[in-house]
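Here is the structure we will look at, set down as structure tokens.
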Amino acid sequence: MPVELKHVTCTYSPGTSQEIRAVTDLSLKIQDGEFVAVMGRTGSGKSTLIQLVAGLLEPDSGQVLLDGLDIHARGYDRSALRRRVGIVFQYPEYQLFEITVEKDVAFGLKHSGLKPEEISLRVRLALERMGFSFEEIRKESPLCLSGGEKRRVAIAGILAAHPGILILDEPVAGLDPLARREFLQMIRQFQEEGMTVIMVSHNADAVAEYAGRVLVMAEGRLEMDGDTRTVMSDLQRLRSLHLDTSAAGQAAELLRQRGVEIPDQTVRYDELLGALTEMMVKS
Amino acid sequence: MTKMSYVKRSMITAVCIALCVVLPMAFHSIQNAGSIFSPMHIPVLLCGLICGWPFGLLCGIAGPVLSSLLTSMPAMAYLPPMAVELAVYGLAAGIMMQAVHTKKIYADLYLSLIAAMLAGRLVAGAAKALIFAPGSYSMAAWAGSYFVTCWPAIVIQLALIPTICFALEKARLIPARYRN
Amino acid sequence: MSRMPAGQYIPGRSPVHRLDARIKICGFLILLAAVIGAGSWAGYLWVILALAAILRISGLPLRPVLEPFLRLWTFFLVIFLMNALFFDGQGGIWSWWIFHLSAEGVRRGFSVVVHVALALVLGNLLTCTTAPMELMEALKVFLRPLKLIRVPVDDVAMILSVAVQFVPTLLEEADTVKKAQIARGARFESKKLTEKAASFIPLVVPVFIAAFRRADELALAMEARGYRGKRKSPKRKSACLQAPDITALAVCAAVFAVQFLLIHI
Chain X
1 MPVELKHVTC
11 TYSPGTSQEI
21 RAVTDLSLKI
31 QDGEFVAVMG
41 RTGSGKSTLI
51 QLVAGLLEPD
61 SGQVLLDGLD
71 IHARGYDRSA
81 LRRRVGIVFQ
91 YPEYQLFEIT
101 VEKDVAFGLK
111 HSGLKPEEIS
121 LRVRLALERM
131 GFSFEEIRKE
141 SPLCLSGGEK
151 RRVAIAGILA
161 AHPGILILDE
171 PVAGLDPLAR
181 REFLQMIRQF
191 QEEGMTVIMV
201 SHNADAVAEY
211 AGRVLVMAEG
221 RLEMDGDTRT
231 VMSDLQRLRS
241 LHLDTSAAGQ
251 AAELLRQRGV
261 EIPDQTVRYD
271 ELLGALTEMM
281 VKS
Chain R
1 MTKMSYVKRS
11 MITAVCIALC
21 VVLPMAFHSI
31 QNAGSIFSPM
41 HIPVLLCGLI
51 CGWPFGLLCG
61 IAGPVLSSLL
71 TSMPAMAYLP
81 PMAVELAVYG
91 LAAGIMMQAV
101 HTKKIYADLY
111 LSLIAAMLAG
121 RLVAGAAKAL
131 IFAPGSYSMA
141 AWAGSYFVTC
151 WPAIVIQLAL
161 IPTICFALEK
171 ARLIPARYRN
Chain A
1 MSRMPAGQYI
11 PGRSPVHRLD
21 ARIKICGFLI
31 LLAAVIGAGS
41 WAGYLWVILA
51 LAAILRISGL
61 PLRPVLEPFL
71 RLWTFFLVIF
81 LMNALFFDGQ
91 GGIWSWWIFH
101 LSAEGVRRGF
111 SVVVHVALAL
121 VLGNLLTCTT
131 APMELMEALK
141 VFLRPLKLIR
151 VPVDDVAMIL
161 SVAVQFVPTL
171 LEEADTVKKA
181 QIARGARFES
191 KKLTEKAASF
201 IPLVVPVFIA
211 AFRRADELAL
221 AMEARGYRGK
231 RKSPKRKSAC
241 LQAPDITALA
251 VCAAVFAVQF
261 LLIHI
């Protein structure tokens, strides 16, 4: 299910003095199975972009197409859209409300028309996927869990709908380094199984490591769009947009300035390590 | 639920007042939500139940006034009777919660809620008849506006408020009333 | 979905914006009395002219101030019909079952609608030209006499200003919760009352938990810094009133005086 935005403009508070153009004339296409990272400063239009893709905001002009169909056209099946596009907001644990974990994860499937057995199977699989033992956790209150557990339950609630496109807004904010790596590896696994992943992140290392393509937003426009290597190695431009660059990219730049020959477009930690080891072996 | 400190109850009251402004704004895009479930009643009743009557009273007065000042909902003309109604909700909910101890949390909550909702409606009706619109206000108009047109709101509030209390207790944000 | 509700502060530098908030509240109350007192064509015309003049001076865009009419037209229609059809007046035009259309009722319905509409515009004028914190400061001044009946005014003022500061944060959180639940497939269109009640739980419970969590964090931070309540807040000198403030008050009084004369002639 490719997603396509065609000349999309979206404004907040139209017609008042506080009118804000959130995104202006935005066009882009995301193919099936991509891992796309979205970077940009606060207020650059990143969250507007992902909410447009999820169908939570309606553009003032332009179209949002899913599978070539306009999702805001009359007669478009909105509830099918909800099941196909899952969105994990920042701090997803804040959306928990049910009495038991099992009920909370099943909430999104209530109106799906699936059989009860199918629903409970999906709930079990989603929870196990997030590293829980289903029998142990099902009767717990989601509000009594620890912070990390709550977040995993909330994400299970989104995965249970089997979305084809998963959108994540700053998913690793507030996680410790180990949890962050585990989480991102799990997301990569989803992508390898065929899911399209769109991830908003400030964390340049995570972006360089995991994404296949990077979109950079600035002032409501798409400033850069390309494969991770090309975008993340353009340190100058990223800095001029006040964005973080990956630690490996910075180290490579410093080494190059000191005359060490590091290949261009080195942005990942393992690449840098590889290049350095190779040099050591040669000398 | 009287184990909370003065500062904590003050801050809970502050967020409940803020919710009196926020809930109607947040839900006005959902069709008829505002007219159906009277969102401002919920934080006021909760504040009275959880923090006690002085705080409930403050929330009941300040909530609608602040909402009116910041968003012009409710319109100033409707503000006085509404503030009276909500103030009595907060006050009565707090007093009842102190007075009633049945050893069952749900029984306490429902008794206090129903008493508060009745008291608020009675006082607001009396205030309207005697002060705000003397002469032109009839028993039928009172019953109509406070029971018939808003009975869905009553049902929804009776369902929602104990659920919220239970969830807050689970999340350890308010102390449990009875140990079990 | 992305529209701001009407009646929120719109920054500006007009004479109306720059007035002292205390004066604006006083002026608002005086003009409200003039609006409520209006009872004749001349009276309506007079307050409408006065409001139009203030609107012009304030330099506000028309839309946010007048939007309540568009949004609430069904509501106005209902009040009008309620008054027109159920008023037991003389001069019945048409009667059927419990409905009783009378000339008196129509007049009454019209006057109620005009009063409410004008009061709405007046309220919007106040809230669109005054920043929330200024309104709070002004309110604090008006609360001072309550000290005489042993109300802890300083604590009340502290609670109120915390509440005002929480509004934008909580609004954003409520909006995110709403979007997150809609994205998960929440529905609100059910006709059955019990289902309708249940459909609000996914929205309301997380919003309250988020709000109470904020209250908890703030209370901890305040207690850690030694705040125990019932403290004396430093006396802040309130600004002196300027000439424009006095003039504005005089103008409002004049508007009311003319209205008063119109009623009694």
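Residue numbers (full-length UniProt numbering), protein chains in the order written: chain X, 1 to 283; chain R, 1 to 180; chain A, 1 to 265.
Glycine included, each C-beta is placed from N, C-alpha and C at the ideal position.
Next on the checklist: Does the contact criterion of 3 or more C-beta pairs under 8 Å hold for the segment 160-173 of chain X versus the segment 191-198 of chain X?
Outcome noted: Yes, the segment 160-173 of chain X touches the segment 191-198 of chain X.
**OP:** Name, going along the chain, the residues of the segment 112-124 of chain A whose beta-carbon falls closer than 8 Å to a beta-carbon of chain R.
**Re:** Of all residues in the segment 112-124 of chain A, only His115, Val116, Ala119, Leu120, Leu122, Gly123, Asn124 place a beta-carbon less than 8 Å from a beta-carbon of chain R.
Check whether chain R comes within 9 Å of Lys147 of chain A, counting only Cβ atoms and requiring the distance to be less than that. Start at 1 with the first residue of the third sequence, and residue 147 of chain A comes out as number 147. Not an interface residue.
Nearest neighbour of Leu58 of chain R, chosen from R:Val44, R:Pro175, R:Leu168, R:Thr163 [CA to CA]: Taking the second sequence and counting its residues from 1, the one referred to as residue 58 of chain R is at position 58. If you compare the alpha carbons of R:Val44, R:Pro175, R:Leu168, R:Thr163 with that of Leu58 of chain R, the shortest gap goes to R:Val44.
- [ ] Give a yes or no on whether the minimum CB-CB distance between Arg122 of chain X and chain A is below 9 Å.
- [x] Numbered from its first residue, the first sequence carries residue 122 of chain X at position 122. Not one chain A Cβ lies under 9 Å of Arg122 of chain X.
Return the CA-CA distance between Tyr89 of chain R and Val85 of chain X, expressed in angstroms with no decimal places.
In the second sequence, residue 89 of chain R corresponds to position 89, counting from 1. In the first sequence, residue 85 of chain X corresponds to position 85, counting from 1. Between the alpha carbons of Tyr89 of chain R and Val85 of chain X lies a gap of roughly 43 Å.
Within chain X, partners of Ala83 of chain R - CB distance below 9 Å:
As a position in the second sequence, residue 83 of chain R is number 83, starting the count at 1. Chain X residues near Ala83 of chain R: none, gap ~29 Å exceeds 9 Å.
Notebook entry, point to check: Are Val64 of chain X and Thr48 of chain X close, meaning C-beta to C-beta below 9 Å?
Noted result: For the purposes of this step, residue 64 of chain X is taken as residue 64 along the first sequence, with counting starting at 1. For the purposes of this step, residue 48 of chain X is taken as residue 48 along the first sequence, with counting starting at 1. In terms of Cβ geometry, Val64 of chain X and Thr48 of chain X do not form a close pair [threshold 9 Å].
Can you tell me which of X:Asp77, X:Gln90, X:Ser146 puts its alpha carbon nearest to the alpha carbon of Gln51 of chain X?
Counting from 1 along the first sequence, the entry for residue 51 of chain X is found at position 51. Measuring from the Cα of Gln51 of chain X, the nearest candidate turns out to be X:Gln90.
Could you tell me whether the segment 28-45 of chain X touches the segment 204-220 of chain X, where touching means 3 or more Cβ pairs closer than 8 Å? By the Cβ rule, the segment 28-45 of chain X counts as touching the segment 204-220 of chain X, because three or more pairs are nearer than 8 Å.
I want to see whether chain R comes within less than 9 Å of Phe97 of chain X, judged by CB atoms only; does it? Here the question's residue 97 of chain X lines up with position 97 in the first sequence. Closer than 9 Å: yes.
Exercise. Would you list, in chain order, the members of the segment 51-67 of chain A that have their beta-carbon closer than 7 Å to a beta-carbon of chain X?
Key: Within the segment 51-67 of chain A, the qualifying residues are Pro61, Arg63, Pro64.
Quiz item: Do you know whose CA, among A:Gln181, A:Lys196, A:Thr247, lies nearest Ser79 of chain X's CA?
Solution: Taking the first sequence and counting its residues from 1, the one referred to as residue 79 of chain X is at position 79. Proximity to Ser79 of chain X across A:Gln181, A:Lys196, A:Thr247 peaks at A:Gln181, based on C-alpha coordinates.
Cβ pair Glu136 of chain X, Val123 of chain X closer than 9 Å: Sequence index remark: in the first sequence, residue 136 of chain X carries index 136 (1-based). Sequence index remark: in the first sequence, residue 123 of chain X carries index 123 (1-based). Not in contact: Glu136 of chain X and Val123 of chain X (Cβ atoms no closer than 9 Å).
Review point. Counting contacts by CB-CB distance shorter than 9 Å, is Glu134 of chain A in contact with chain X?
Key: In the third sequence, residue 134 of chain A corresponds to position 134, counting from 1. Not closer than 9 Å to any Cβ of chain X, the Cβ of Glu134 of chain A fails to qualify, so no.
Problem - Euclidean distance between Cα positions of Trp151 of chain R and Ser38 of chain R - result: Taking the second sequence and counting its residues from 1, the one referred to as residue 151 of chain R is at position 151. Taking the second sequence and counting its residues from 1, the one referred to as residue 38 of chain R is at position 38. For Trp151 of chain R and Ser38 of chain R, the distance between alpha carbons rounds to 11 Å.
Checklist entry - Are the C-beta of Ser112 of chain R and some C-beta of chain A separated by less than 9 Å? => result If you number the second sequence from 1, residue 112 of chain R lands on position 112. No, because no Cβ of chain A sits closer than 9 Å to the Cβ of Ser112 of chain R.
When we look at the beta-carbon of Leu56 of chain X and count the other beta-carbons within 10 Å, is it buried (16 or more) or exposed?
As a position in the first sequence, residue 56 of chain X is number 56, starting the count at 1. By the 10 Å Cβ count, Leu56 of chain X comes out buried.
Option nearest Val52 of chain A by Cα separation, candidates A:Val121, A:Ala131, A:Ala174: Counting from one through the third sequence, the residue named residue 52 of chain A turns up at place 52. This sequence places Ala at residue 52 of chain A; Val is not what is there. Of A:Val121, A:Ala131, A:Ala174, the residue nearest in Cα terms is A:Val121.
Taking the straight line between their C-alpha atoms, what separation do you get for Arg3 of chain A and Phe260 of chain A?
For the purposes of this step, residue 3 of chain A is taken as the residue at position 3 of the third sequence. For the purposes of this step, residue 260 of chain A is taken as the residue at position 260 of the third sequence. Note that Arg3 of chain A has pLDDT 42, beneath the 50 cutoff, so the model's placement of it is unreliable and the number below is only indicative. Cα to Cα, the separation comes out at about 40 Å.
C-beta neighbour in chain R for Leu114 of chain X, strict 9 Å | As a first step, residue 114 of chain X is located in the first sequence; it is residue number 114 there, counting from the start. It does not; no Cβ of chain R falls within 9 Å.
| query | So, does the CB of Thr163 of chain R fall closer than 9 Å to a CB anywhere in chain A? | reply | In the second sequence, residue 163 of chain R corresponds to position 163, counting from 1. So yes, Thr163 of chain R belongs to the interface.
Exercise for review: Identify, in the order they occur along the chain, each residue of the same chain with its Cβ nearer than 8 Å to the Cβ of Thr18 of chain A, setting aside the five sequence neighbours on each side.
Suggested key: Your numbering for residue 18 of chain A matches position 18 in the third sequence. Rather than Thr, the amino acid found at residue 18 of chain A in this sequence is Arg. Only Pro244 meet the Cβ criterion.
Under 9 Å between C-beta atoms, does Lys104 of chain R make it to chain X? Position 104 of the second sequence holds residue 104 of chain R. Proximity of Lys104 of chain R to chain X, defined by a Cβ-Cβ separation below 9 Å, is not satisfied.
Checklist line | Closest residue to Leu74 of chain R among A:Val47, A:Leu62, A:Val116 (Cα-Cα distance) | finding: As a position in the second sequence, residue 74 of chain R is number 74, starting the count at 1. Residue identity differs from the one stated: residue 74 of chain R is Pro in this sequence, not Leu. Closest option to Pro74 of chain R, Cα to Cα, is A:Val116.
>> Could you compute how far the alpha carbon of Leu118 of chain R sits from the alpha carbon of Gly60 of chain R?
In response: Walking along the second sequence from the start, residue 118 of chain R turns up at place 118. Walking along the second sequence from the start, residue 60 of chain R turns up at place 60. Approximately 15 Å, taken between the alpha carbons.
(Q) Across the segment 160-177 of chain A and the segment 205-213 of chain A, are there enough close Cβ pairs to call them in contact, namely three or more that are closer than 8 Å? (A) As far as the Cβ criterion goes, the segment 160-177 of chain A touches the segment 205-213 of chain A, which means the pair count is three or higher.
- Task: Identify the continuous beta strand (DSSP E) that holds Thr218 of chain X and give its terminal residues.
- Result: Counting from one through the first sequence, the residue named residue 218 of chain X turns up at place 218. Inspection of the sequence shows that residue 218 of chain X is occupied by Ala rather than by Thr. Unbroken beta strand (DSSP E) run through Ala218 of chain X: 213-218.
Closest by C-alpha distance to Ile119 of chain X, when choosing among X:Phe97, X:Leu255, X:His7, X:Ala160: Stepping through the first sequence from its first residue, residue 119 of chain X is reached at position 119. Ranked by Cα distance from Ile119 of chain X, the options X:Phe97, X:Leu255, X:His7, X:Ala160 are led by X:Ala160.
- Task: For Leu235 of chain X, collect the residues of the same chain with a Cβ closer than 8 Å to its Cβ; drop the 5 residues on either side in sequence, then sort them by chain order.
- Result: The residue given as residue 235 of chain X occupies position 235 in the first sequence. Taken in chain order, the residues that qualify are Thr245, Gly249, Gln250, Glu253.
Can you give the Cα-Cα distance for Ala84 of chain A and Val112 of chain A, rounded to whole angstroms?
Start at 1 with the first residue of the third sequence, and residue 84 of chain A comes out as number 84. Start at 1 with the first residue of the third sequence, and residue 112 of chain A comes out as number 112. Ala84 of chain A and Val112 of chain A have their C-alpha atoms some 10 Å from each other.
- Query: In chain order, what residues of the same chain have a beta carbon less than 6 Å from the beta carbon of Thr2 of chain R, not counting five sequence neighbours either side?
  - Reply: By 1-based counting over the second sequence, the position of residue 2 of chain R is 2. Here Thr2 of chain R scores only 47 on pLDDT, less than 50, and its place in the model should not be relied on; the value that follows carries that caveat. In its chain, beyond the 5 residues on either side, no residue has a beta carbon closer than 6 Å to the beta carbon of Thr2 of chain R.
If you draw a straight line from the alpha carbon of Arg74 of chain X to that of Thr130 of chain A, how long is it in whole angstroms? Indexing the first sequence from 1 puts residue 74 of chain X at position 74. Indexing the third sequence from 1 puts residue 130 of chain A at position 130. Cα to Cα, the separation comes out at about 42 Å.
Outcome for His242 of chain X when other beta-carbon atoms lying within 10 angstroms are tallied against a minimum of 16 | By 1-based counting over the first sequence, the position of residue 242 of chain X is 242. Exposed, by the Cβ-count rule.
Task: For Leu66 of chain X, the residue or residues it bridges with in DSSP - done: Taking the first sequence and counting its residues from 1, one reaches residue 66 of chain X at position 66. Paired residues: X:Val3, X:Leu69.
query: By the 10 Å Cβ neighbour count, where 16 or more other Cβ atoms means buried, how is Met279 of chain X classified, buried or exposed?
result: As a position in the first sequence, residue 279 of chain X is number 279, starting the count at 1. Label assigned to Met279 of chain X: exposed.
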